[in-house]
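First the structure, in the form of structure tokens, and then the observations on it.
In this note's numbering, the protein residues as written are 155 to 273.
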């Protein structure tokens, strides 16, 4: 997260929301998006609500968190896996929302393009 803040110049448009997954889990996750070029309603309705509910059949840990997020939780549509920083920033700048899990080198990108277009 600190690296994302540095690379984006601590821009106030970059929104980082840290969330603890599920109720009993201590897995820290974060969603990152750029205000104004995303569909805030999609993020609120699909991403945040589904990440915070606690009805996972399996115990969530660092090893399975990304898989569980991409399979069970994400109802938003286009989800892709990102494993390098160039793709991470390209996705963020394109209006996608990033889902990061503490201690995991892989991230998820959810298609949330919307809002105002920037020129």
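The beta carbon of each residue, even a glycine, is placed where N, CA and C say it ideally should be.
Which residues does DSSP list as the beta-bridge partners of residue i?
i           : result
residue 267 : 192
residue 183 : 173 and 255
Please classify residue i: does DSSP put it in a helix, a strand, or coil?
i           : result
residue 214 : coil
residue 244 : helix
Give every residue of the same chain whose Cβ lies closer than 7 Å to the Cβ of residue i, excluding the five residues on either side of it in the sequence, and list them in chain order.
i           : result
residue 175 : 181, 183, 205, 214 and 219
residue 189 : 167 and 169
Mind checking whether residue i and residue j have CB atoms under 8 Å apart?
i           : j           : result
residue 236 : residue 264 : no
residue 254 : residue 186 : yes
residue 246 : residue 252 : yes
residue 173 : residue 266 : no
Leaving out five residues on either side along the sequence, give the residues of the same chain with a beta carbon under 8 Å from the beta carbon of residue i.
i           : result
residue 259 : 237
Report the CB separation of residue i from residue j in whole angstroms; it is logged as a contact under 8 Å.
i           : j           : result
residue 268 : residue 193 : 3 Å
By Cβ distance, which residues of its chain are closer than 6 Å to residue i, with the 5 residues on each side in sequence left out?
i           : result
residue 273 : With a pLDDT of 41 at residue 273, under the threshold of 50, the modelled position of this residue cannot be trusted; read the value that follows with caution. None.
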